[in-house]
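These notes concern the structure reproduced below.
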Ligand SMILES: C[S@@+](CC[C@H](N)C(=O)[O-])C[C@H]1O[C@@H](n2cnc3c(N)ncnc32)[C@H](O)[C@@H]1O
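In the working numbering, the protein residues as written are 12 to 252.
Given below as structure tokens:
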């Protein structure tokens, strides 16, 4: 488990290191209102199932965006077999980071920075799972240095070789859901191919004003991903919700 001392060091020391980092003081995501959101739970469950399918070892890592209640981190932690400290959670909102550290469960590595700067910081770091639950626009928000469209190609440079999964959510409030789906799939396919991944599977779900897309990739020379027994999956996910 990561000690809170380490987390606090990250919290207070990262800002000066990233001169352009514009943090948020208030989170735009209404975490409490979504606490019992059924679709959100389902989406996290889909990601957790995929994480289990990846057969992660204690050395593997995941990166995800979460809100203060750490619902996604909990789901992935319980579903995947990853060590909590190997689940990296960047967040650019000071208040949310503070609440994550206070809650402290699971003891994931919380970073007060954007997903982009976390990915850029260490080019050797590779993730089995990247879960970018933006719930925002694909073109992002320049004021806060949030640019999903730039994060995705970078994310593929940081995926584990062999099998890996990347999942994203976007809001389609300024476009048509199917136009956005086509754009996201093209971006994911191009970014994966550029890093020599083959696409095993796409999943998507359109809910309310959101689009969820998951892509399961693998590298040539590794066996094509195989399904896991549903009894194993049931046991692993029994305590997620
Ligand atoms: C939609 S919420 C995550 C919800 C969570 N996955 C759940 O299931 O409850 C996204 C969180 O990540 C933060 N965020 C969004 N884009 C980010 C980025 N590029 N880097 C860091 N944090 C980001 C938001 O402020 C918010 O706290």
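Even glycine gets a Cβ: it sits at the ideal position worked out from N, Cα and C.
Reduced DSSP category for residue i - H, G, I as helix; E, B as strand; rest coil
i, result
"residue 152", "strand"
"residue 14", "Note that residue 14 scores 38 on pLDDT, short of 50, meaning its location in the model is unreliable; the coordinates nonetheless yield the value given after this. Reduced to three states, the DSSP call for residue 14 is coil."
"residue 106", "helix"
"residue 215", "strand"
"residue 120", "strand"
"residue 159", "helix"
"residue 24", "Confidence at residue 24 is low in this model, with a pLDDT of 42, below 50, so the placement of that residue should be treated as unreliable; the coordinate-derived value is given next. It is helical."
"residue 92", "coil"
Own chain, CB closer than 6 angstroms to residue i, minus 5 neighbours either side, in chain order
i, result
"residue 195", "224"
"residue 65", "139 and 174"
"residue 162", "126 and 127"
Rounded separation between residue i and residue j - CA only
i, j, result
"residue 215", "residue 73", "20 angstroms"
"residue 38", "residue 114", "17 angstroms"
Beta-carbon contacts of residue i that lie in its chain and below 8 angstroms, excluding the five residues immediately before and after
i, result
"residue 129", "74, 99, 101 and 122"
"residue 88", "95, 98, 117 and 119"
"residue 160", "149, 150, 151 and 198"
"residue 236", "64, 174, 211, 212, 227 and 229"
"residue 206", "167, 168 and 170"
"residue 208", "167, 170, 175, 228, 229 and 230"
Closest by C-alpha distance to residue i, when choosing among the options
i, options, result
"residue 231", "217, 218 and 204", "204"
"residue 145", "211, 168 and 78", "78"
"residue 105", "171, 217, 155 and 183", "155"
Any non-hydrogen atom of ligand 3 closer than 6 angstroms to residue i Cβ
i, result
"residue 108", "Inclusion of ligand 3 in the displayed structure is not the case, the ligand content consisting of ligand 1 alone."
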